[in-house]
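See below for the structure under consideration.
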Amino acid sequence: MTSKRSLIRRATAVAAAATAAVVLAACGGNGDGNGSGSAHDGHGSSASPSGSPSASAPARQGDHNAADAAFAQGMIPHHRQAVEMAGLAAARADSAEVKKLAEEVEKAQDPEIKTLSGWLTSWGEQVPATGEGHGGHTMSGMMTAEEMTQLAASSGKAFDTAFLQLMVKHHEGAVAMARTEQADGTYRPAKDMAAAIITSQSAEIARMNALLGRS
Numbered sequence: 001m002t003s004k005r006s007l008i009r010r011a012t013a014v015a016a017a018a019t020a021a022v023v024l025a026a027c028g029g030n031g032d033g034n035g036s037g038s039a040h041d042g043h044g045s046s047a048s049p050s051g052s053p054s055a056s057a058p059a060r061q062g063d064h065n066a067a068d069a070a071f072a073q074g075m076i077p078h079h080r081q082a083v084e085m086a087g088l089a090a091a092r093a094d095s096a097e098v099k100k101l102a103e104e105v106e107k108a109q110d111p112e113i114k115t116l117s118g119w120l121t122s123w124g125e126q127v128p129a130t131g132e133g134h135g136g137h138t139m140s141g142m143m144t145a146e147e148m149t150q151l152a153a154s155s156g157k158a159f160d161t162a163f164l165q166l167m168v169k170h171h172e173g174a175v176a177m178a179r180t181e182q183a184d185g186t187y188r189p190a191k192d193m194a195a196a197i198i199t200s201q202s203a204e205i206a207r208m209n210a211l212l213g214r215s
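See below:
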């Protein structure tokens, strides 16, 4: 009896061990399968997010073109000269309306110079040096050095007339540059600024022509 019981116990133990081995093998197989699947899925998931920025980064870097850079590089010295002209009005103008217009020009264009400079820096483009393009030979409507000297030497009503005449010409040049940006540029903020320049400076041209008795 003892011998038979021992044999039965051994057989039961062997069967239990075999069953356990099968279960463990099955679990191990599922675990490996899931692990492989998880690793594959994880790789796929991580590749997708990392792939998206790399695909979108060039679009962010390239959403400006040569026309946008030319607009910014041309408008900076153009605005600088307008601000310089406007700065003369406080001490030289006779008309309160001319002084007010000059203040508005300076208030509007000085911040735009900073914005345009910031764009060029972010694009890796050169920001025009102070005084660059001042000769009036490169941008539409720019005053020559001689015209600027004559304006600075005038005062009273003579200054008012010269200022208005020169600023009309200057604004017309800026509007032309802005229209080129709208037609050829791709950088949305620059195109929006161009639209604002066309609207505001066209209105100022009408005001100045009225002050000159042209309307």
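Position 189, counted from 1, in the sequence shown is what full-length UniProt numbering calls 189; the numbers after and before it change by one each time, with no gaps.
Where is the CB? At the ideal position from N, CA and C, for every residue including glycine.
Only a predicted model underlies this, so the values are computations on that prediction, with no experimental measurement involved.
Please classify residue i: does DSSP put it in a helix, a strand, or coil?
i, result
"G42", "With a pLDDT of 35 at G42, under the threshold of 50, the modelled position of that residue is not reliable, and the figure given next carries that caveat. Of the three classes helix, strand and coil, the one that applies to G42 here is helix, per DSSP."
"A129", "coil"
"T115", "helix"
"S54", "Residue confidence is low: S54 scores 32 on pLDDT, short of 50, so the model does not pin down where it sits. Its coordinate-derived value is still stated next. In this structure, S54 counts as helix in the three-state DSSP scheme."
"T121", "helix"
"H64", "coil"
"R214", "coil"
Are the beta-carbon atoms of residue i and residue j separated by less than 8 Å?
i, j, result
"A82", "A93", "no"
"D68", "A190", "yes"
"V175", "N209", "no"
"H64", "W123", "yes"
"G213", "E172", "no"
"A178", "I198", "yes"
"G185", "M139", "no"
"E125", "M193", "no"
"L211", "E97", "yes"
"S202", "A108", "no"
Looking only at its own chain, which residues have a Cβ that is under 8 Å from the Cβ of residue i, when we skip the five neighbours before and after it?
i, result
"L151", "M85, L88, M143, F159, A162, F163 and L166"
"W182", "For the sequence presented, residue 182 should be read as Gln rather than Trp. Once the five neighbours on either side are set aside, the close Cβ partners of Q182 are K191, A194, A195 and I198."
Once the 5 residues before and after residue i are set aside, which same chain residues still bring their CB inside 6 Å of it?
i, result
"V127", "S117 and L120"
Would you give the residue range spanned by the alpha helix (DSSP H) that residue i belongs to?
i, result
"T161", "G156 to D184"
"T199", "R188 to L211"
Considering only DSSP beta bridges, list what residue i is partnered with.
i, result
"A93", "G156"
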